[in-house]
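**Student:**
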Amino acid sequence: MGTLVVGLTPELNATVFIRNNGEDSFSTSLTFSYPSALSYRRFALLQSNRKYISIRCSSNPTSRDDPVTNTTCGINHPIFRSGAEVIFIATFSISQDVNLGSVVQINATAGSENGGAITQDMMHQATLPVKYAVFIFVNAIDKSTKYVNFSTGQEDGNQMVEHWYEVKNTYQRSIPVSVTFQFPVELNRTQVWNASLEVPAKLSHLVQCARGMRTPESKDFVKQLGESPVLIRQNKVTLMSSAHISYDETKYTQEGGFGQSQVKTVVEYLGTYNYLPVIIGSSIGGLILLAVIAAVLYKVGFFKRQYKAMMDEAGAEGNEGAGPPQESSPDAIKE
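Taken in order, the sequence shown gives residues 87 to 421; the numbers are from our numbering.
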């Protein structure tokens with residue numbers, strides 16, 4: 087275990103190796119000293135070079151104000167033979183709301199009734215860095231403004247745009263956090279959003295805000311932003327804000343969660359549509375099309391055939407109106 091995470095790590099295991107390099111040891115013991123926020127739970131024998139080995143552990147009663155607790159384990163009472171060795175795991179439970187500082191330290195000291203001074207080989211100290219689990223998220227709320235528009239004549243007007251965020255700590259541990267809100271305020275040196283931050287009155291005593299200007303770090307983004315037209319000259323743009331949570335990562339840690347969120351508002355410019363160019367263009371196009379059709383018909387002789395047909399029809403009607411030719415009477419010829 088590289089780091090003890092209070093709130094995520096329910097237990098702490100300490101692996102112990104003890105060996106008797108001298109004469110037989112009577113009433114051998116191993117005493118653990120550790121913060122009172124930890125509590126001894128059990129041991130598990132891993133390995134021994136003796137067929138039979140016994141370990142019995144008990145904790146000394148302490149008051150809640152004592153910073154350190156001791157647990158003593160008897161090793162193979164009454165005699166721990168010369169050359170004997172044993173490896174076991176001691177398990178300690180950890181309260182989920184304790185404060186252990188930045189480091190937890192466990193000391194182990196071996197002793198016996200043989201007497202003699204305690205040497206460095208009979209003592210060992212283990213330390214482990216400590217962090218505290220948190221679960222903090224920031225989330226966009228649906229009541230945020232989704233859409234606004236400007237019409238012709240409102241280019242210099244203002245519209246209220248609200249972006250709502252919720253910041254929540256779902257763990258019992260109280261920690262200081264910073265929430266950074268980023269949003270555009272200028273485009274081509276033209277102010278597009280006169281933004282302000284509002285905190286519910288019941289939380290105002292918990293929040294301190296400071297405003298600062300920041301240019302996006304991406305050079306390409308800055309270049310594109312400089313070449314873009316002013317907001318009101320575009321038909322539709324997206325106004326976006328973001329919120330990002332930060333905290334002291336040397337002391338706290340979070341697995342997963344939602345550390346950042348975004349809100350978007352579509353801003354649209356509704357200009358008055360000028361239909362005159364469409365009408366003029368349609369009329370001219372219709373006249374050109376009519377002229378082309380007439381030229382094609384003339385070229386294929388359509389009008390000549392129609393004219394001849396009309397003349398033939400007129401001649402036929404004239405003949406019918408004159409009647410049949412009169413014949414000369416024989417008597418008239420004789421006279």
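Using N, Cα and C, we set each Cβ at its ideal position, and we do this for glycine too.
My assumption, with CB atoms under 8 Å, is that SER134 sits in contact with VAL172. Please give the rounded CB distance.
**Tutor:** 4 Å
**Student:** Starting from VAL353, trace the beta strand (DSSP E) in both directions and tell me its first and last residue.
**Tutor:** 346-356
**Student:** For PRO217, count the other beta carbons within 10 Å of its own beta carbon; 16 or more makes it buried, fewer makes it exposed. Which is it?
**Tutor:** Before going on, a small fix: residue 217 reads as Lys here, not Pro. So LYS217 counts as buried.
**Student:** Taking VAL263 as part of the beta strand (DSSP E), name the residues at either end of that continuous run.
**Tutor:** Unbroken run through VAL263: none, as it is neither H nor E.
**Student:** Please state the DSSP three-state secondary structure of GLN211.
**Tutor:** strand
**Student:** Taking the C-alpha atoms as reference points, what is the distance between GLY88 and GLN294?
**Tutor:** 35 Å
**Student:** Tell me which residue opens and which closes the beta strand (DSSP E) that ALA196 is part of.
**Tutor:** 189-197
**Student:** Under the rule that 16 or more other beta-carbon atoms within 10 Å means buried, what is LEU124, buried or exposed?
**Tutor:** buried
**Student:** Output needed for ARG128: all residues of its chain with C-beta closer than 6 Å, excluding positions within five of it in sequence on either side, in chain order.
**Tutor:** THR177
**Student:** Alpha carbon to alpha carbon, how far is SER230 from GLU248?
**Tutor:** 5 Å
**Student:** Can you tell which of LEU383, VAL323, LYS288 has the C-alpha that lies nearest to the C-alpha of TRP279?
**Tutor:** VAL323
**Student:** Thinking C-beta only, is VAL265 closer than 8 Å to VAL224?
**Tutor:** yes
**Student:** Please report the distance separating the alpha-carbon of ASP183 from that of SER168.
**Tutor:** If I take the Cα positions, the gap works out to 44 Å.
**Student:** Reducing DSSP to helix, strand and coil, say where ALA100 ends up.
**Tutor:** strand
**Student:** Pull up the DSSP beta-bridge partners for TYR338, would you.
**Tutor:** TYR218
**Student:** Count the other CB atoms within 10 Å of the CB of LEU373; is the residue buried (16 or more) or exposed (fewer)?
**Tutor:** exposed
**Student:** Which class does HIS330 belong to by DSSP, given the choice of helix, strand or coil?
**Tutor:** The DSSP-derived three-state label of HIS330 is strand.
**Student:** Evaluate the contact criterion for the stretch 347-358 versus the stretch 368-383: three or more CB pairs, one atom per stretch, below 8 Å.
**Tutor:** Touching, no.
**Student:** Let me make sure I understand the geometry here. Which of THR157, ALA296, ASN185, PHE267 has the alpha-carbon closest to that of GLN258?
**Tutor:** ASN185
**Student:** Would ALA329 and ALA212 qualify as a contact pair, given that the criterion is a beta-carbon distance under 8 Å?
**Tutor:** no
**Student:** Leaving out five residues on either side along the sequence, give the residues of the same chain with a beta carbon under 6 Å from the beta carbon of TRP250.
**Tutor:** ILE227, LYS229, SER230
**Student:** Go ahead and pull the three-state DSSP assignment for ILE161.
**Tutor:** strand
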